[in-house]
Amino acid sequence: MARVRYIGPEPVTVPELDGRIIQPDELVEVPDSRYEGYVCQTGTWESVEEPKAEETADEAPAAKKSTAAKAAPAKGER
9 MARVRYIGPE
19 PVTVPELDGR
29 IIQPDELVEV
39 PDSRYEGYVC
49 QTGTWESVEE
59 PKAEETADEA
69 PAAKKSTAAK
79 AAPAKGER
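With this note's numbering applied, the sequence shown covers 9 to 86.
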């Protein structure tokens, strides 16, 4: 969960947060997937804690690969 601060001048009801009433200067936890929807409203919300970065396939530990190559059978062998 990410965290944002409400910087508006008076309390607001936020339907997305189960209709909670948010007070000025209150810190609120929001789903990581919705973080950008709050902080893009720069006159209303400010970032406190950004979403945690998820591990991507590039960052995941690589599977151990075998580097030994099989030799092709010699001519006439099977």
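Even glycine gets a Cβ: it sits at the ideal position worked out from N, Cα and C.
Who are the Cβ neighbours of residue i in its own chain at under 7 angstroms, not counting the five residues just before and after it?
| i | result |
| --- | --- |
| V56 | R11, V12, R13 and L35 |
| E18 | P32 |
| L25 | V36 |
Helix, strand or coil for residue i? Go by DSSP, reduced to three states.
| i | result |
| --- | --- |
| E18 | coil |
| E24 | helix |
| T64 | The predicted position of T64 is uncertain, since its pLDDT is 49 and thus under 50; a value taken from the coordinates is nonetheless stated next. Three-state DSSP puts T64 in coil, outside helix and strand. |
| E44 | helix |
| E58 | coil |
| V12 | strand |
Please go through the same chain and pick out, in chain order, the residues whose beta-carbon is closer than 8 angstroms to the beta-carbon of residue i, but skip the five residues on each side of it.
| i | result |
| --- | --- |
| E44 | none |
Give me, in chain order, the residues of the same chain whose beta-carbon lies closer than 6 angstroms to that of residue i; leave out the 5 immediate sequence neighbours on both sides.
| i | result |
| --- | --- |
| I15 | E54 |
Closest to residue i by C-alpha separation, out of the options, would be which residue?
| i | options | result |
| --- | --- | --- |
| K60 | T52, V38, I29 and T50 | V38 |
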